[in-house]
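Sequential numbering from 8 applies to the sequence shown in our numbering.
Every residue gets a Cβ at the ideal spot worked out from N, C-alpha and C, and that includes glycine.
Since the structure is predicted, the reported quantities are computational estimates derived from the model, not experimental observations.
The structure appears below as structure tokens.
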Amino acid sequence: MTASAVVPRRAFGRAWSHRGYRGVLLSLVLSGVSVSAYVPLMSLYLVQTLRVSEGTVGLFALTSLASPVVGILVGRLSDRISSRLRLLVVVSVWLAVGRVAMGLAPTFTVAAVAGIVFGAFGGVAAAQVFALLRELLEREHEPRQSTITSTVRTGYSLGWAVGPVIGTALASVLGYRGALVASGLFVLLPLVPLRWLRTTGPGRDEGRDRTGADEQASARTAARPAPALDGPARTSWGARSLWLFAVVCLLALTGESLRITYLPILAVDRLGLSLWLFGIVVSVAPVVELVAMPAAGALADRFGLKRVIVVGLVVGAGGFAAFATSSSVVGLLVGQLCNACFIAVVLGLGVTYAQRLHPDGAGFATSVFFAAQSLTIATGGLLGLALADRPYGLPELFLTAAALDLAAVVLLLLTTPPHDRADHPGDGSSGRS
């Protein structure tokens, strides 16, 4: 067996054998199904059901402008309250109602209002799940945090491998409206596996003996006493390096936002792919990510996070260039394969990188990362509004995405975060900066 196959196998074995890691992984699987059964249908719903232009699809993306602000504020709050899980329940119910409202919207205006009111909380749930994982890793003194985080993140990719097929199947049977309404139920499913975090104790699954104090400390991963969170690090707005990395993510993931919005239009409306074939094309990248993410985490633990992220951004630029020049399903598949490596690095490792830049506030650091990701919906929408209706709009959009990825590479190379373990390849310590 090759070394590349051994790394994912060992990482998955570690993640699955630990009750807490397994709960987060399964939650992310269901979260990936929920998002991917819904998001790829939105642009088609707007164009084919609400009868708006491709440029107006980009305008709709501006409804998410409040999401980064809400995400950061809720992230700061989450580091000071006693339970992240209660917050997750409230947000998930709100988002489920939003899905139903979106599917029942009679006009584009009503859909836009639903997008503003409910979509503002779109990035909160994911940020809180990764904050829970970070605190669990710290309590377990996990020596390979990048590997475990990226491996657990593959659960989201597995969900994305299944969700588009489910979503397009529902759309074929129920229509776009029915599929969006039905997806509201999917939002609540990721809460179920997280109940295991309430009883998770360090080492319980491995059969190791720990003191009663250690058991109680781990159980507080899901419900932490507020006094323990006091201190200047908890109340700060983060270091300059954290915000610079947020800009890197904004540049890079704007292209991903464009891909999610306009790849369905390119594949179905321009290249004439059937819905089922498009669903398969979308599912290719997440399947590749199942191997790419653990491998990227292992490479980051060995060579440093920053180096691996730079390589991933360059590969992502190549993927967007492939979309821009695609004239058949083959070009789309090449782009999807490159995109899988890009996502494995940026989304699989980006959370860990951000958390190391603000190690004493997991909720805030994670929320800044996801706020940057949420803002890309708006920046991608603005680019779509400006370019999509032009004669060569879609190729221009994807070439612009490639250029943004390369700009992100330059910015990341010019920034050196303090005390980042990425500068010390091969360090097998706890991963704390």
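In whole angstroms, what separates the C-alpha of L72 from that of L35?
-> Position 65 of the sequence shown holds residue 72. Position 28 of the sequence shown holds residue 35. Rounded to the nearest angstrom, the two C-alpha atoms are 24 Å apart.
Give the DSSP-derived three-state secondary structure of T158 in the structure shown.
-> By one-based count along the sequence shown, residue 158 stands at place 151. Three-state DSSP puts T158 in a helix.
Start-end ranges of the alpha helix (DSSP H) lying completely within the segment 234-295, minimum 4 residues | 239-242, 247-271
Leaving out five residues on either side along the sequence, give the residues of the same chain with a beta carbon under 6 Å from the beta carbon of V188.
-> Counting from 1 along the sequence shown, the entry for residue 188 is found at position 181. Closer than 6 Å at the Cβ level, and outside the excluded window around V188, lie V107, G110.
Which stretch, first to last residue, makes up the alpha helix (DSSP H) that contains Q362?
-> For the purposes of this step, residue 362 is taken as residue 355 along the sequence shown, with counting starting at 1. Counting along the chain, the alpha helix (DSSP H) containing Q362 begins and ends at 336-364.
Beta-carbon contacts of L48 that lie in its chain and below 7 Å, excluding the five residues immediately before and after | Reading the sequence shown from its first residue, position 41 is the one you call residue 48. If we look at L48 and ignore the five residues flanking it on each side, its Cβ neighbours are G174, A178, Y183, A186, L187.
Close-in-space but distant-in-sequence residues of the same chain around A328 (CB under 6 Å, 5 per side omitted) | In the sequence shown, residue 328 corresponds to position 321, counting from 1. Answer for A328: A409, listed in chain order.
Roughly how many whole angstroms lie between the Cα atoms of G20 and G370?
-> Position 13 of the sequence shown, counting from 1, holds the residue named residue 20. Position 363 of the sequence shown, counting from 1, holds the residue named residue 370. Using only the alpha carbons, I get a separation of about 27 Å.
Any chain D beta carbon closer than 8 Å to F128 = In the displayed structure, chain D is absent; only one protein chain is listed.
Return yes when the Cβ of Q343 is within less than 8 Å of the Cβ of V291, no when it is not.
-> For the purposes of this step, residue 291 is taken as residue 284 along the sequence shown, with counting starting at 1. For the purposes of this step, residue 343 is taken as residue 336 along the sequence shown, with counting starting at 1. The answer is yes: Cβ separation under 8 Å.
What first and last residue would you give for the alpha helix (DSSP H) that runs through P47?
-> The sequence position of residue 47 within the sequence shown is 40, counting from 1. Where P47 is concerned, the enclosing alpha helix (DSSP H) stretches over 46-51.
Rounded straight-line distance, which links the Cα of L196 to that of R266 | Position 259 of the sequence shown, counted from the start, is the residue given in the question as residue 266. Position 189 of the sequence shown, counted from the start, is the residue given in the question as residue 196. Cα to Cα, R266 sits roughly 26 Å from L196.
Between which two residues does the alpha helix (DSSP H) carrying P75 extend?
-> As a first step, residue 75 is located in the sequence shown; it is residue number 68 there, counting from the start. Looking at the DSSP string, the run of the alpha helix (DSSP H) that includes P75 is 74-85.
Distance between V352 and G319 (C-alpha atoms, nearest Å) = Against the sequence shown, residue 319 aligns to sequence position 312. Against the sequence shown, residue 352 aligns to sequence position 345. C-alpha separation (whole angstroms): 6 Å.
In three-state terms, what does DSSP make of P113?
-> Stepping through the sequence shown from its first residue, residue 113 is reached at position 106. Coil at P113, not helix or strand.
State the start and end residues of the unbroken alpha helix (DSSP H) segment that holds G370.
-> Here the question's residue 370 lines up with position 363 in the sequence shown. Its alpha helix (DSSP H) spans residues 369-394.
Within its chain, find whatever has a CB closer than 8 Å to the CB of V159; leave out the 5 residues flanking it on each side and keep chain order.
-> On the sequence shown, position 152 is the one that residue 159 refers to. Excluding positions up to five away in sequence, the list reads A22, Y28, V31, L32, L35, L140.
Measuring CA to CA, which of A379, A414, A44 is closest to P191?
-> Counted from its first residue, the sequence shown places residue 191 at position 184. Sequence inspection shows Gly at residue 191; the Pro mentioned does not correspond to that position. Selected option, being the one with the closest Cα: A44.
Taking the alpha-carbon positions, what's the E61 to L165 distance?
-> Your numbering for residue 61 matches position 54 in the sequence shown. Your numbering for residue 165 matches position 158 in the sequence shown. Distance between the alpha carbons of E61 and L165: 29 Å.
Give the straight-line distance between the Cα atoms of H148 and R91, rounded to the nearest whole angstrom.
-> On the sequence shown, position 141 is the one that residue 148 refers to. On the sequence shown, position 84 is the one that residue 91 refers to. Taking the straight line from one Cα to the other gives about 21 Å.
Straight-line Cα distance separating V255 from L418 | Taking the sequence shown and counting its residues from 1, the one referred to as residue 418 is at position 411. Taking the sequence shown and counting its residues from 1, the one referred to as residue 255 is at position 248. L418 and V255: Cα-Cα distance of roughly 7 Å.
By DSSP, does L140 sit in helix, in strand, or in coil?
-> If you number the sequence shown from 1, residue 140 lands on position 133. Residue state, collapsed to three classes: helix.
Quick one: what does DSSP say R26 is sitting in, helix, strand or coil?
-> Start at 1 with the first residue of the sequence shown, and residue 26 comes out as number 19. Of the three classes helix, strand and coil, the one that applies to R26 here is helix, per DSSP.
Express the C-alpha separation of G338 and V321 in angstroms, rounding to a whole number.
-> Indexing the sequence shown from 1 puts residue 321 at position 314. Indexing the sequence shown from 1 puts residue 338 at position 331. Near 18 Å, if we compare the C-alpha coordinates of G338 and V321.
Quick one: is R83 buried, meaning 16 or more other Cβ sit within 10 Å of its Cβ, or exposed?
-> Here residue 83 refers to the residue found at position 76 when the sequence shown is read from its first residue. Burial call: buried.
Taking C-beta to C-beta, are I350 and E296 nearer than 8 Å?
-> If you number the sequence shown from 1, residue 350 lands on position 343. If you number the sequence shown from 1, residue 296 lands on position 289. Closer than 8 Å, so yes.
Applying the criterion that 16 or more other CB atoms from any shown protein chain within 10 Å of the CB defines a buried residue, is V199 buried or exposed?
-> Mapped onto the sequence shown, residue 199 falls at position 192. Per the 10 Å Cβ criterion, exposed.
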